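Read through the structure below, which is laid out as structure tokens, and then see the notes.
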Amino acid sequence: MKFNVNFNNHFNKDVIHLESHEINKEFVHDLINFFETKITLIDIKSNKSIKVSVNHIESIESFTHLSKVILVDNSLFYIKGRIKELKYLTKYKIVKINNTQMFNLRHINQFSSDKSSRLLIQSNSNKKYIVSRYYSKEIKEMLL
Numbered sequence: 001m002k003f004n005v006n007f008n009n010h011f012n013k014d015v016i017h018l019e020s021h022e023i024n025k026e027f028v029h030d031l032i033n034f035f036e037t038k039i040t041l042i043d044i045k046s047n048k049s050i051k052v053s054v055n056h057i058e059s060i061e062s063f064t065h066l067s068k069v070i071l072v073d074n075s076l077f078y079i080k081g082r083i084k085e086l087k088y089l090t091k092y093k094i095v096k097i098n099n100t101q102m103f104n105l106r107h108i109n110q111f112s113s114d115k116s117s118r119l120l121i122q123s124n125s126n127k128k129y130i131v132s133r134y135y136s137k138e139i140k141e142m143l144l
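When we follow UniProt numbering, the leftmost residue of the sequence shown carries the number 1, and every step to the right adds one.
So this is what it looks like as structure tokens:
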């Protein structure tokens, strides 16, 4: 598939204009859904539910029957469910990196291996995450 990109200052800065052949209709809808997918999170302080784009999630950590969600801007929210119940987020590149954490692969700044074959990930916000040996091979394949 070939992409032609033209930039125009006359468009609204919040709008991306797409044109495609009718055959690509399903692909374009999948692409739009991918970027606009939102997930409902809970703000514990106010006990309100908010919708956040999946792309703004940096990591998810297990916490009893809820899971902590850390966004790119370091804000903290919660989501109902344990890590194993959130496996559906894998299609948005939020993958399990150990038994208690998931990480959004879009927010990797750099990665390296340590002596015990674990993968060390540094996020764009300079947080460091350790990928267990069990998941490191799978994640290396996704990154390379």
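A virtual CB, placed ideally from N, CA and C, is assigned to each residue, including glycine.
Keep in mind it's a predicted model, so treat the numbers as computed, not measured.
Rounded distance between the beta-carbons of residue j and residue i, thought under 8 angstroms
i      : j      : result
Lys68  : Ile60  : 7 angstroms
Leu119 : Phe77  : With a Cβ gap of about 26 angstroms, Leu119 and Phe77 do not count as contacting.
Glu55  : Ser125 : With the sequence shown as reference, residue 55 is identified as Asn, and Glu is not the correct amino acid for it. Wrong, their Cβ atoms sit about 14 angstroms apart, outside the cutoff.
Residues bridged to residue i (per DSSP)
i     : result
Ile39 : Val52
Cα-Cα separation, residue i to residue j
i           : j      : result
Ser20       : Tyr92  : 24 angstroms
Ile23       : Val5   : 19 angstroms
Lys7        : Ser113 : Rather than Lys, the amino acid found at residue 7 in this sequence is Phe. Those two C-alpha atoms are separated by around 40 angstroms.
Lys115      : Ser136 : 13 angstroms
Ser123      : Leu143 : 14 angstroms
Lys80       : Lys13  : 34 angstroms
Ile39       : Lys51  : 5 angstroms
Lys140      : Lys84  : 21 angstroms
Ile94       : Leu105 : 6 angstroms
residue 147 : Asn33  : The structure shown does not extend to residue 147, since the chain is modelled only from 1 to 144, so the question has no answer here.
His65       : Glu138 : 27 angstroms
Ile121      : Thr90  : 17 angstroms
Phe3        : Asn9   : 19 angstroms
Leu71       : Met1   : 33 angstroms
Thr100      : Lys87  : 12 angstroms
Glu36       : His29  : 10 angstroms
Phe11       : Ser117 : 49 angstroms
Ser46       : Gln110 : 35 angstroms
Sub-7 angstroms separation of residue i and residue j beta-carbons
i      : j      : result
Tyr134 : Phe103 : no
Val131 : Ile108 : no
Ser53  : Arg82  : no
Proximity test, Cβ basis, 7 angstroms: residue i and chain B
i     : result
His21 : This model lacks chain B altogether; it includes just one protein chain.
What ranges does the alpha helix (DSSP H) occupy inside the UniProt domain "HTH LytTR-type" (42-144), keeping only unbroken runs of at least 4 residues that lie completely in it? 133-143
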